[in-house]
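Trainee: When the letters of the sequence shown are read in order and numbered with the numbering used here, they come out as residues 22 to 498.
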Amino acid sequence: MMSQSSNVKNFVSSEDGEEFKELVKKHYKGFVHVPARELTPPSFYNDAKKAFERLRDANYYHYDVVMAGGKHCSRTFVKRTLVGCPGITYKYLSLRLFAHPWSGPGAIPMMKSIYNINKSMIEMTKQHSDHGLCDYNLTLINDMPSAAFHSSVGFKEEALYGMGKVSVSWHADSSLQNGSSIGVCHFVPSRKSTPCDWRIALRPSPTSENGASNDVPPVSVRTADGDAYFLLGSFNEKYQHCVLAGSSQHRISSTHRVATTEKDTYQYILRRIKTTLKRLRIELEKDDANIDYRVVLFSQKVLTELEMEWVSQYWLQGSTHNKLHVWWHKPMETLERFWENLEELTHRVYTRCIEASSAMPLAVVVALLEEFKIRQRQRQLWDERRADTVYKKRMKEDQRPIARPQFRDRKDRLSKSLSTAIQKLASVKLSKKISKVEKAKETKSEARPQKTQMSSAGKTWPSNSSKKKGRKRKREK
Numbered sequence: 022m023m024s025q026s027s028n029v030k031n032f033v034s035s036e037d038g039e040e041f042k043e044l045v046k047k048h049y050k051g052f053v054h055v056p057a058r059e060l061t062p063p064s065f066y067n068d069a070k071k072a073f074e075r076l077r078d079a080n081y082y083h084y085d086v087v088m089a090g091g092k093h094c095s096r097t098f099v100k101r102t103l104v105g106c107p108g109i110t111y112k113y114l115s116l117r118l119f120a121h122p123w124s125g126p127g128a129i130p131m132m133k134s135i136y137n138i139n140k141s142m143i144e145m146t147k148q149h150s151d152h153g154l155c156d157y158n159l160t161l162i163n164d165m166p167s168a169a170f171h172s173s174v175g176f177k178e179e180a181l182y183g184m185g186k187v188s189v190s191w192h193a194d195s196s197l198q199n200g201s202s203i204g205v206c207h208f209v210p211s212r213k214s215t216p217c218d219w220r221i222a223l224r225p226s227p228t229s230e231n232g233a234s235n236d237v238p239p240v241s242v243r244t245a246d247g248d249a250y251f252l253l254g255s256f257n258e259k260y261q262h263c264v265l266a267g268s269s270q271h272r273i274s275s276t277h278r279v280a281t282t283e284k285d286t287y288q289y290i291l292r293r294i295k296t297t298l299k300r301l302r303i304e305l306e307k308d309d310a311n312i313d314y315r316v317v318l319f320s321q322k323v324l325t326e327l328e329m330e331w332v333s334q335y336w337l338q339g340s341t342h343n344k345l346h347v348w349w350h351k352p353m354e355t356l357e358r359f360w361e362n363l364e365e366l367t368h369r370v371y372t373r374c375i376e377a378s379s380a381m382p383l384a385v386v387v388a389l390l391e392e393f394k395i396r397q398r399q400r401q402l403w404d405e406r407r408a409d410t411v412y413k414k415r416m417k418e419d420q421r422p423i424a425r426p427q428f429r430d431r432k433d434r435l436s437k438s439l440s441t442a443i444q445k446l447a448s449v450k451l452s453k454k455i456s457k458v459e460k461a462k463e464t465k466s467e468a469r470p471q472k473t474q475m476s477s478a479g480k481t482w483p484s485n486s487s488k489k490k491g492r493k494r495k496r497e498k
């Protein structure tokens with residue numbers, strides 16, 4: 022029988038027996054729900070539950086302040102932490118999370134236990150033939166409060182199908198490799214007196230073009246303490262899921278993923294910076310006229326990326342975030358030192374551009390000017406974000422933003438505000454354009470040939486004065 026609420030929309034629940042099983046088999050291929058008693062190895066349940074509770078007791082789970090749509094700041098209902106391969110990060114809703122490493126030098130025992138859990142999740146995923154990519158490189162661990170915990174604020178009702186209170190709204194996980202699986206295990210405190218009524222819900226993605234039909238009704242699945250479920254292969258690309266809050270118990274879940282690593286690792290940004298510094302230093306050894314604007318443009322894009330996507334993102338999350346992320350201390354010191362190096366080289370390029378005798382190509386001036394405008398705007402937006410009232414109202418003082426990188430008043434650095442530099446570069450740009458136009462006119466004037474009349478056959482006809490002289494000579498004869 023269809024489960025339904027006062028809303029007109031319906032959904033099928035796991036309590037609906039055969040109807041649910043047939044619907045999942047036919048339309049939700051790639052979703053697998055595994056009860057706790059069937060997980061392997063047999064020690065998985067106890068090992069995983071203890072590991073996640075140790076992280077909770079050590080205060081590793083924290084609220085995030087995110088920007089849905091990149092516009093408005095809000096604090097999450099869920100506390101989270103990220104654990105994964107050394108140097109990996111994960112970005113969602115305009116916030117970059119920095120992973121605690123689960124292996125290698127600097128990994129602490131608590132995180133190494135998560136690595137062992139991850140290996141088991143990989144093995145369990147591979148038991149299914151359509152598992153796709155499943156060498157999980159990180160897990161996002163969520164500490165979700167019950168609906169009762171948030172009674173003063175209140176979870177929102179699932180508005181489309183009347184499924185109940187929503188802890189995590191409809192979404193598909195982002196920043197994942199195409200065709201990769203997702204493995205989730207979850208745990209709740211053992212209280213026999215209260216039922217475990219946490220549920221997950223699935224529906225075809227409204228924007229899917231991969232074969233999932235929007236006519237298929239959504240489903241909800243009750244998940245007991247210790248259960249796991251898997252979204253195999255490209256399932257996440259075709260379907261959305263949400264988490265329906267339990268009535269009285271907290272839930273800790275671990276979501277294992279194959280995250281993209283093209284732009285989201287410390288190793289990536291480090292390589293990019295080193296390449297930029299090397300190329301820009303070589304360019305600055307050349308005469309002004311020979312500097313390649315493409316190198317300057319690339320260096321400025323990397324500088325903006327480093328400042329906004331790494332340094333600002335890291336310190337946005339406060340002093341406790343830095344205290345807990347011990348592995349990241351040295352990498353962040355390195356990134357901020359390289360940021361200063363790039364700022365110093367940028368100042369050198371800028372100074373040479375605005376010198377009166379500069380022969381710097383117009384393209385270099387334009388590249389610098391346009392990237393300065395972008396960086397100026399980004400700095401303004403970051404100042405606004407750090408000053409958002411949500412931090413003062415809903416975050417502890419040690420979880421509030423720290424303004425980094427630090428701008429120092431030095432002669433070999435540009436100031437934080439680039440307004441003056443932008444004005445001077447705009448003036449140089451205009452001057453060079455005018456000079457270029459005038460030079461083009463002079464060149465055109467010098468190259469202009471004397472006027473001659475051409476026949477249609479391409480022969481030069483005598484001028485009018487020549488014709489008159491010829492007629493005069495005839496008369497004299």
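Beta carbons: idealized from backbone N, C-alpha and C, even for Gly.
(1) Which residues in the same chain have their Cβ closer than 6 Å to the Cβ of Ile312, if we skip the five residues on either side of it in sequence?
(2) Can you give me the C-alpha to C-alpha distance between His152 and Arg396, rounded to a whole angstrom?
(3) Quick check on Gly339: buried or exposed, where buried means 16 or more other Cβ atoms within 10 Å of its Cβ?
(4) Span of the beta strand (DSSP E) holding Thr102?
(5) Leu324 and Thr297 - do their beta-carbons sit closer together than 9 Å?
(6) How long is the line joining the alpha carbons of Asn67 and Lys133, rounded to whole angstroms?
(7) Could you compute how far the alpha carbon of Glu364 sits from the alpha carbon of Glu391?
(8) Assign Gln148 to buried or exposed, taking buried as 16 or more other Cβ atoms, counted over all protein chains shown, within 10 Å of its Cβ.
(9) Given Ser167, which residues of its chain have a CB within under 8 Å of its CB, disregarding the five upstream and five downstream residues?
(10) Exposed or buried, which one is Glu258 when buried takes at least 16 other CB atoms within 10 Å?
(11) By DSSP, does Asp85 sit in helix, in strand, or in coil?
(12) Looking at C-alpha atoms only, which residue of Glu357, Ser440, Val237 is the closest neighbour of Lys47?
(13) Can you pull the DSSP bridge partners for Val526?
(14) Skipping 5 residues on each side, what residues in its chain have a beta carbon closer than 8 Å to that of Asp156?
(15) Would you tell me roughly how many angstroms separate the C-alpha atoms of Arg300 and Thr97, rounded to the nearest one?
(16) Return the bridge partner residues of Pro122 from the DSSP annotation.
(17) When the Cα atoms are used, what is the spatial distance from Leu345 to Ser190?
(18) So His277 and Thr160 are supposed to be a Cβ contact under 8 Å. How far apart are they, rounded?
(19) Going by other Cβ atoms of all chains shown within 10 Å of its Cβ, with 16 needed for buried, is Arg369 buried or exposed?
(20) Below 8 Å, can you find three or more Cβ-Cβ pairs linking the segment 307-321 to the segment 398-411?
(21) Quick check: is the beta carbon of Ala377 nearer than 9 Å to any beta carbon in chain D?
(22) What is the DSSP secondary structure of Asp309, counted as helix, strand or coil?
(23) Following the continuous alpha helix (DSSP H) through Cys217, name the residue where it begins and the one where it ends.
(24) Pull up the distance between the alpha-carbon of Asp218 and that of Arg243, whole angstroms please.
(25) Per DSSP, which one or two residues make a beta bridge with Thr276?
(26) With DSSP collapsed to three states, give me the class of Leu435.
(27) Could you spell out the range, first to last residue, of the alpha helix (DSSP H) harbouring Phe393?
(28) Check Ser477 in the structure and name its three-state DSSP category.
(29) Residues in the same chain with beta-carbon distance under 6 Å from Lys70, minus the five sequence neighbours each way, listed in chain order, please.
(30) Taking DSSP as the reference, what is the three-state secondary structure of Gln198?
(31) Quick one: Cα of Leu118 to Cα of Met329, how far?
(32) According to DSSP, simplified to helix, strand and coil, what is Arg117?
(33) Quick one: grab the DSSP three-state call for His262.
(34) Can you have a look at Leu451 and say buried or exposed, based on whether 16 or more other CB atoms are within 10 angstroms of its CB?
(35) Is Leu253 closer than 9 Å to Val53 when the C-beta atoms are compared?
(36) Of all the options Thr441, Ser141, Gln334, which has the alpha carbon lying nearest to the alpha carbon of Gln420?
Mentor: So, from the listed chains and residues:
(1) For Ile312, where only same-chain residues beyond five positions count, the Cβ hits under 6 Å are Glu304, Val385.
(2) Distance between the alpha carbons of His152 and Arg396 is about 43 Å.
(3) Its Cβ being crowded by 16 or more others within 10 Å, Gly339 is buried.
(4) Unbroken beta strand (DSSP E) run through Thr102: 93-105.
(5) Yes, Cβ-Cβ distance for Thr297 and Leu324 is below 9 Å.
(6) Going from the Cα of Asn67 to the Cα of Lys133 covers about 16 Å.
(7) Spanning the two alpha carbons is a distance of roughly 16 Å.
(8) Gln148 is exposed by the Cβ-count criterion.
(9) Within the same chain, Ser167 has close Cβ partners Ala266, Gly267, Ser268, Ser269, Gln270, His271, Arg272.
(10) Under this definition Glu258 is a buried residue.
(11) Correct three-state label for Asp85: strand.
(12) Cα-wise, what sits closest to Lys47 is Val237.
(13) The requested residue 526 is not part of the displayed model; the chain covers only 22 to 498.
(14) If the five residues before and after Asp156 are omitted, its C-beta is found closer than 8 Å to the C-beta atoms of Ile143, Val279, all from its own chain and listed in chain order.
(15) Their backbone Cα atoms lie some 42 Å apart in a straight line.
(16) Beta-bridge pairing links Pro122 to Gly105.
(17) In a straight line, the C-alpha of Leu345 is about 28 Å away from that of Ser190.
(18) Indeed, because the Cβ distance is near 5 Å, the residues count as touching under 8 Å.
(19) By the 16-neighbour rule on beta-carbons within 10 angstroms, Arg369 is exposed.
(20) With a cut-off of 8 Å, the segment 398-411 and the segment 307-321 do not count as touching, because too few Cβ pairs lie within range.
(21) Reference to chain D is not applicable here, since this structure consists of a single protein chain.
(22) Here Asp309 carries a helix assignment [DSSP, helix/strand/coil].
(23) Run containing Cys217: none; DSSP gives neither H nor E here.
(24) Roughly 6 Å separates the two Cα atoms.
(25) Leu161, Val205.
(26) When DSSP states are grouped into helix, strand and coil, Leu435 belongs to the coil group.
(27) Per DSSP, Phe393 is one residue of the alpha helix (DSSP H) stretching across 383-407.
(28) Because the pLDDT at Ser477 is just 48, under 50, the model does not fix this residue reliably, and the value given afterwards should be weighed accordingly. Secondary structure at Ser477: coil, using DSSP grouped into helix, strand and coil.
(29) Closer than 6 Å at the Cβ level, and outside the excluded window around Lys70, lie Phe208.
(30) Gln198: coil per DSSP, three-state reduction.
(31) About 14 Å.
(32) Arg117: strand per DSSP, three-state reduction.
(33) Assignment of His262 by DSSP, reduced to helix, strand and coil, places it in the strand class.
(34) The residue in question, Leu451, is exposed, as its Cβ has fewer than 16 Cβ neighbours within 10 Å.
(35) Val53 is a Cβ neighbour of Leu253, given a cutoff of 9 Å.
(36) The shortest C-alpha separation from Gln420 is found at Gln334.
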